[in-house]
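Following: one structure in structure tokens, then a few remarks.
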Amino acid sequence: MHTPVRHPPVEHYRGYDILCSASGYTLLRNDVEVLTVGEIDAEGHLEDCEHLANLLKHARDSVDKLLERR
Numbered sequence: 158m159h160t161p162v163r164h165p166p167v168e169h170y171r172g173y174d175i176l177c178s179a180s181g182y183t184l185l186r187n188d189v190e191v192l193t194v195g196e197i198d199a200e201g202h203l204e205d206c207e208h209l210a211n212l213l214k215h216a217r218d219s220v221d222k223l224l225e226r227r
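Heads up, the sequence shown is in this note's numbering, so the first residue is 158 and it goes up one at a time.
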């Protein structure tokens, strides 16, 4: 039986795991990729991609928007 590899999230927020890299972030829910956002996708709002706080704020905002749609 295959055991999925769990990558530690940078942060867990409102039921989502936020994985960050220098080029953007990925949101996971129950180990399923829900959203991947890179610099181009964020329309310049991730200009400071190397700054984790900026990425996390943008990712949290994305989670909030996803939850509002429910």
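Using N, Cα and C, we set each Cβ at its ideal position, and we do this for glycine too.
Counterpart residues of Val-189 in DSSP-defined beta bridges: Arg-186
Simplified DSSP state of Ser-219, which is helix, strand or coil: DSSP, read as helix, strand or coil, puts Ser-219 in helix.
Buried or exposed (CB count within 10 angstroms, at least 16 for buried), Ser-178: exposed
Best match in Asp-221, Arg-227, Lys-222, Ala-216 for proximity to Thr-193 [C-alpha to C-alpha]: Ala-216
Val-167 versus Leu-224: straight-line alpha-carbon distance, rounded: 20 Å
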